[in-house]
Amino acid sequence: MALLFGLLTPLQLVNDFVLRIGRWIGVVAVALMVVAILLQVFFRYVLNNALPWPDEAARFLMLWMTGLVAPSAYRQGGFVAIDMLEQALPKRAGALLGLFLLVVSLAVLIVGAQFGYKHVNSGWLFASSTLKLPLGLIGGETVKIKLAWMYMSLFVGLILLIAVNIELILRDLITLLGGGSELRPIPVAFAGAD
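In this note's numbering, the protein residues as written are 105 to 298.
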């Protein structure tokens with residue numbers, strides 16, 4: 105039991121910190137996404153001269169917001185789940201089923217992260233057609249943003265989901281071994297729609 109708590113405690117602290125930062129970056133990304141979309145609406149429908157970059161910028165921000173906020177939702181149990189069978193089984197059998205499903209989820213996330221890593225590497229070959237860093241403003245050249253920066257949101261999100269999944273597995277193991285009352289509650293990150 106001490107070994108499990110020794111593994112869980114630092115992972116919980118790291119997840120608390122990293123996911124809090126991810127949520128704040130996600131909030132900023134949503135705000136910037138709204139600004140980009142409103143700017144595009146203004147230029148397209150009021151000035152009748154659409155800008156080339158806001159649509160892709162909004163997609164870029166939405167992908168990063170999703171990759172950084174999804175792990176917090178997963179940790180809170182905010183993903184859609186069909187848990188009727190788990191709840192219908194006796195408590196211990198339901199907990200074992202939940203643990204098994206977390207292990208299966210971990211395997212899927214690891215495979216997804218491997219694909220995500222390969223996808224990021226292919227993204228260094230291609231640049232965005234519309235997103236550019238305006239380094240010309242400071243005396244440099246304008247540089248097209250590589251698509252890898254957009255694709256990296258998937259990889260980073262999956263790595264964070266893996267960390268959360270491992271934390272949830274450790275919590276379930278501790279609960280199964282009778283130490284559930286000693287677990288620190290997962291901090292509430294969002295107000296739910298319950």
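Glycine residues also receive a C-beta, built at the ideal position from the N, C-alpha and C atoms.
DSSP-derived helix/strand/coil call for residue i
i	result
isoleucine 214	helix
alanine 231	strand
valine 247	strand
methionine 105	coil
alanine 154	coil
arginine 288	coil
leucine 172	helix
proline 194	coil
glutamine 180	coil
glycine 283	coil
Span of the alpha helix (DSSP H) around residue i
i	result
alanine 185	Unbroken run through alanine 185: none, as it is neither H nor E.
tyrosine 255	252-280
CA nearest to the CA of residue i, picked from the options
i	options	result
alanine 252	Thr246, Leu235, Leu287	Leu235
phenylalanine 183	Tyr149, Leu107, Trp168, Val268	Val268
serine 226	Leu201, Ser233, Met254	Met254
isoleucine 263	Val247, Phe230, Tyr178, Tyr149	Tyr178
methionine 256	Ala217, Ala154, Gly244, Leu210	Ala217
isoleucine 290	Leu107, Leu111, Gln116, Gly110	Gln116
valine 131	Met169, Tyr149, Leu200	Met169
alanine 162	Val138, Lys248, Val207, Leu206	Val138
tryptophan 157	Leu280, Lys248, Glu271	Lys248
glycine 198	Arg288, Val145, Leu280	Leu280
isoleucine 214	Arg288, Ser285, Tyr149, Val260	Val260
leucine 206	Leu193, Val134, Leu265, Leu287	Leu265
isoleucine 270	Ser233, Val208, Tyr221	Val208
Paired residues, beta bridge with residue i - DSSP
i	result
leucine 237	Val247
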